[in-house]
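All remarks here apply to the structure that follows.
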Amino acid sequence: MFVHQRQGSLEVICGPMFSGKSEELIRRIKRAIIAKQKVQVFKPALDDRYDASAIASHSQRKHEAIAVKDTVELARHLDPEAEVVALDEVQFMDEGLIPIIENLANRGVRVIAAGLDQDSNGEPFGIMPLLLAKAEYVTKFQAICMVCGALASRTQRLVRTGGQVMVGAAEAYEARCRHCHEVPHATGQRMLEVE
């Protein structure tokens, strides 16, 4: 069982699409607010599927967030009084996020980062491997495979259009287990997705 201590730390919530990562992030944010902690929430501006200024789960639970285009903008918005900094869809953040998180945690801030750990090819996604290696706490969720009903650890891209980055939800992606997951080969490029 995870018990939060007062010193700074990094918590990473990961897994495939439809596994409940954003829902868990929102739950942790709400608990920190109940504990009367000063919380700041960020998301990539790229992900505006459900709300441009909130993190949102597929079940439509939401929490207000600051949408940023990159980590430079994120750093400009950081509140030095924040006790908890939460980040959604961190797979889209650049490597500049790593020293920001390290600095926050070293100063005593609780950092909670959620995102896809694998892309639709089943490969490590963006900065997630670095975050997983540096985290004090890792929670890996699984979804349900839409083909066989087993536990799913991967995201299947269903459409082969939309360029390299394609923001989508159930119309474009579904959760798959290792055995039902198919790697797309149509474009020769690695296809990236937004959960």
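With the numbering used here applied, the sequence shown closes on residue 180, and no number is skipped along the way. We put the beta carbon where it would ideally sit given N, CA and C, even for glycine. Please read these numbers as outputs of a predicted model, since none were measured by experiment.
Exclusion of the five residues before and after G111 leaves Q76 as the residues of its chain whose Cβ lies within less than 6 Å of its Cβ.
A direct Cα-Cα distance of roughly 7 Å separates L117 from V123. Linking K125 to T140 through their CA atoms gives a straight-line distance of about 14 Å. Counting only runs of 4 or more residues that sit fully inside the segment 112 to 151, the alpha helix (DSSP H) segments are 113 to 119, in chain order. Contact between the segment 37 to 52 and the segment 158 to 167 is absent: fewer than 3 CB-CB pairs across the two stretches fall below 8 Å. The C-beta distance from R46 to I11 rounds to 5 Å, short enough to meet the 8 Å contact threshold. Residue pairing for V(-3): DSSP places it in a beta bridge opposite A98 and V123.
Of all alpha-carbon atoms in A20, E121 and V57, the one lying nearest the alpha-carbon of I97 is that of E121. Annotated as proximal: L89 and G(-7), with beta-carbon spacing under 8 Å. In the DSSP assignment, the residues bridged to K28 are A52.
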